[in-house]
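Please read the structure below before turning to the comments.
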Amino acid sequence: MTACSLTRKGKHPSMELAPASLPPILPEGGDGNRLRHRGCCAAGLAAILAGGLTGGCSEGPAVVARTDLPAVYAVVETEPVRGGGDAADDPAIWIHPADASLSRVLGTDKRRGLSVYDLSGREVQFLPRGRVNNVDLRQGVAMAGGPATLAVATNRTERAMDVFTVSAEGQVELALAQALEIGDPYGICMHLDAAGIAYAYVNGSDGEYEIWRLNEGGELKPERIDRFSLPTKPEGCVVDDRTGIAYIGEEEHGIWKMPAGAGGSGEKTLLDSVDSDRLAADVEGLDIYRTADGGAILVASSQGDYTFAFYDLNDGDRYIGSVRVADDPASGIDGAEETDGLAVTAVNLGPGFEQGVLVVQDGFNRQPEEKQNFKLVPWSAVAKVLNLPAPAEK
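Note that the working numbering has the sequence shown beginning at 346, numbered continuously upward.
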């Protein structure tokens with residue numbers, strides 16, 4: 346998606362064009378999926394300001410930011426990623442088994458590799474794996490030595506699925522790089538069944554999916570078990586391990602749901618569409634806020650209007666509402682715009698994150714201008730503006 350075209354304000358009320366004063370992004374090698382320039386051409390902007398006319402230099406729909414939605418604020422931001430331009434992409438949250446305040450956020454730098462951050466935003470580990478795009482993890486995977494944690498990431502440099510182990514202390518190590526037949530590995534998510542068998546859904550930018558079983562008989566033995574495809578480019582996906590339902594974001598269409606493991610034979614149902622006023626293409630990161638009392642809220646990044654949509658999966662996928670992550674002048678932490686990936690947990694991570702945390706990628710890291718990073722938003726802030734009940738204690 347690009348932000349160079351200038352059009353009238355769209356169907357949403359109280360919107361503003363994305364900031365036009367930001368400098369252009371010159372991609373480090375580029376992946377063809379994100380902004381080529383952060384600003385709009387001066388002539389087109391002048392035309393809009395003068396009379397709401399359509400401007401020139403169009404490469405796609407104008408990015409229009411919602412300002413009519415409730416705002417939440419990040420209380421922590423990570424150190425910037427190493428790669429320049431469009432680099433940070435997708436986070437995943439690892440929960441420390443003994444002290445949740447020592448949990449970690451894994452974040453991809455799709456120019457350089459995989460970073461690991463503590464909850465203060467400090468980078469504590471970096472794995473130079475090249476063009477690592479998306480990441481996911483599962484804890485409690487059945488292995489010979491006992492329950493283990495596996496993380497997976499799409500590696501576009503090696504055209505592979507990187508499989509990592511995560512120690513009880515949060516140390517991440519590469520276990521293997523599994524070659525893929527997908528031409529351009531892109532999105533990925535995991536599923537853990539009741540027997541502790543882990544699966545990975547890997548997709549390419551052409552819509553092709555491969556489903557991999559990662560462990561068998563207590564050993565790490567990746568095996569591709571199915572393939573299917575979507576008509577256009579997908580990226581974000583998440584599987585609800587409790588129900589066995591997979592949720593897949595088709596960037597320019599909407600959010601699909603289907604039985605996990607069904608592959609092409611499973612019936613796909615459209616949960617929501619970019620034709621609604623709830624999602625604006627691209628549909629990007631997806632995750633589920635799962636509570637101890639069975640609650641399940643799907644969170645989706647609506648990249649085209651810089652917002653996040655929430656759906657109650659226990660109430661017929663009812664749309665709850667949307668929020669934006671805004672600049673906080675008091676703390677000096679900027680908001681999140683044009684978010685790719687996100688991750689969420691309901692686990693009490695300690696002071697400030699008692700109801701869990703929402704981690705989102707920030708496409709424009711300002712205050713000051715720096716390379717992209719990830720923002721940590723207390724779930725309690727989301728719950729307050731959307732009138733959500735506090736999660737039950739375990």
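Where is the CB? At the ideal position from N, CA and C, for every residue including glycine.
Rounded C-alpha distance that separates residue i from residue j
i      : j      : result
SER676 : ASN710 : 14 Å
ASP662 : GLU468 : 36 Å
CYS753 : ASP413 : This structure cannot speak to residue 753, because the chain is shown only from 346 to 739.
GLY594 : VAL692 : 25 Å
GLU555 : ILE570 : 8 Å
PHE653 : VAL644 : 7 Å
ALA625 : GLY490 : 45 Å
ALA513 : VAL704 : 22 Å
PHE471 : SER460 : 4 Å
ARG381 : ASP551 : Below a pLDDT of 50, predicted positions are generally treated as unreliable, and ARG381, at 32, falls in that range; no measurement from the model is reported.
ARG572 : GLY639 : 31 Å
VAL511 : GLU561 : 18 Å
ALA443 : GLY541 : 20 Å
TRP439 : THR423 : 15 Å
ILE590 : LEU658 : 10 Å
ALA433 : LEU464 : 17 Å
ASP620 : VAL517 : 40 Å
MET506 : ASP481 : 11 Å
ASP660 : GLY485 : 28 Å
TYR544 : LEU575 : 19 Å
VAL450 : GLU629 : 18 Å
ILE642 : ALA726 : 15 Å
GLY375 : ALA681 : Residue placement at GLY375 is flagged as unreliable, the pLDDT there being 46, under the threshold of 50; the coordinate-derived value follows with that caveat. If you take the alpha carbons of GLY375 and ALA681, they lie about 21 Å apart.
GLN523 : VAL508 : 7 Å
GLY466 : ASP529 : 30 Å
VAL426 : VAL547 : 24 Å
ASN500 : ASN479 : 8 Å
ARG493 : VAL689 : One detail in the question is off: residue 493 reads as Ala in this sequence, not Arg. One C-alpha to the other measures close to 20 Å.
GLN717 : ALA735 : 31 Å
VAL702 : ARG669 : 15 Å
ALA520 : VAL477 : 15 Å
SER818 : ALA487 : In this structure the chain extends from 346 to 739, so residue 818 is not present and cannot be described.
LYS578 : GLY549 : 8 Å
LEU733 : ILE665 : 9 Å
Option in the options with minimal Cα separation from residue i
i      : options                           : result
GLY799 : ASP435, HIS441 and ARG449         : The structure shown has nothing for residue 799, since the chain only spans 346 to 739.
PRO674 : LYS613, VAL420 and VAL628         : VAL420
ASP650 : SER667, TYR634, ALA726 and GLY640 : SER667
ASP685 : LEU631, ALA726 and LEU472         : LEU631
GLU683 : THR690, PHE719, GLN712 and ASN659 : PHE719
ASP622 : THR636, PHE655 and TYR634         : PHE655
LEU495 : PRO567, ALA432 and GLU526         : PRO567
ASP707 : GLY515, ALA671 and ASP481         : ALA671
GLU580 : ARG558, GLY563 and GLU553         : GLU553
VAL409 : PRO696, SER647 and VAL722         : SER647
SER474 : GLY466, PRO415, VAL497 and LEU559 : The amino acid at residue 474 is misidentified as Ser; the sequence shows Arg. Comparing Cα positions, the closest option is VAL497.
N- and C-terminal bounds of the beta strand (DSSP E) containing residue i
i      : result
LEU703 : 702 to 707
ALA410 : 409 to 411
SER667 : 663 to 670
ARG504 : That residue, ARG504, is in no beta strand (DSSP E); it is neither H nor E in DSSP.
SER460 : 458 to 462
GLU468 : 468 to 472
GLY630 : 628 to 635
HIS536 : 530 to 537
PHE653 : 652 to 657
VAL477 : 477 to 486
ALA524 : 517 to 524
ARG558 : 553 to 561
GLY452 : 449 to 454
LEU687 : 687 to 690
Where the alpha helix (DSSP H) containing residue i begins and where it ends
i      : result
ALA726 : 724 to 731
Cβ-heavy atom distance, residue i to the ligand NAP, below 7 Å
i      : result
VAL730 : The model on display carries no ligand, and the ligand NAP is accordingly not part of it.
Taking contact to mean 3 or more Cβ pairs, one atom from each stretch, closer than 8 Å, check whether the stretch 521 to 539 and the stretch 579 to 594 are in contact. Proximity of the stretch 521 to 539 to the stretch 579 to 594 meets the contact definition, three or more beta-carbon pairs being nearer than 8 Å.
Let me know the beta strand (DSSP E) ranges lying completely inside the stretch 571 to 598, each 3 residues or longer, listed in chain order. Fully enclosed beta strand (DSSP E) runs of 3 or longer: 579 to 585 and 590 to 595.
Touching or not, the stretch 597 to 605 and the stretch 449 to 463, by the rule of three or more beta carbon pairs under 8 Å? At 8 Å Cβ cutoff, the stretches do not touch.
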